[in-house]
Amino acid sequence: MKRVARYLLFLGLTTGLLHACKVGRNYTGMDVRTPEQFRDTLLQEDTTALAGIAGNDSLDWWRLFQDPILDSLVHEALRNNRDLNAAVLRMDQAAAALAISKADLAPKIGVQGDYTWGNYPIFFDDEPRTNVFGG
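Residues in the sequence shown are numbered from 1123 upward in steps of one, following our numbering.
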């Protein structure tokens, strides 16, 4: 009995939720009037240029506050940040490993040479040889 009641409750809630999402047959969407300045325009400039920030200055966000104490604190934090320093060193290490692996793709040219020098003894006998067999 409990199982049937639970099933009917689930079926009723599901039907009620689906019915709540129903839209009428003659539904027409709202006509939204947007100002001309926002209609189909693409932003041509970079947002950093609009903010008056150029180049790498966008990375130095704390300089916008023009506070020398904040500047010194951020500079000291960046200098003493061991995790950041280790990450920079790992990036350098990865760049070096990449350069080494790219070097393996380059054509290889090799030159080899070899020479030997030595004294070879030559023996001369000044004794006359006699041919026993008559030749």
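In this text, a Cβ means the ideal position worked out from N, Cα and C, and glycines have one as well.
query: Between which two residues does the alpha helix (DSSP H) holding Glu1158 run?; result: Note, Glu1158: premise wrong, no alpha helix (DSSP H); not H, not E.
query: At what residues does the alpha helix (DSSP H) containing Thr1137 begin and finish?; result: Lys1124 to Ala1142
query: Could you give the distance in angstroms between the alpha-carbon of Glu1132 and the alpha-carbon of Lys1124?; result: One detail in the question is off: residue 1132 reads as Phe in this sequence, not Glu. Their backbone Cα atoms lie some 12 Å apart in a straight line.
query: Do you know offhand how far Phe1160's Cα is from Asp1153's?; result: 16 Å
query: Suppose contacts are defined by Cβ-Cβ distances below 8 Å. Is Leu1206 in contact with Leu1200 by that definition?; result: yes
query: What's the gap between the Cα of Leu1135 and the Cα of Asp1189?; result: 60 Å
query: Would you mind reading off the limits of the alpha helix (DSSP H) that contains Leu1186?; result: Unbroken run through Leu1186: none, as it is neither H nor E.
query: In angstroms with no decimal places, state the Cα-to-Cα distance between Ala1258 and Met1213.; result: Because the chain in this structure spans residues 1123 to 1257, residue 1258 falls outside the shown range and cannot be described.
query: Secondary structure at Arg1147, three-state DSSP: helix, strand or coil?; result: coil
query: Taking the alpha helix (DSSP H) that Asp1214 belongs to, which residues open and close that run?; result: Arg1204 to Ala1225
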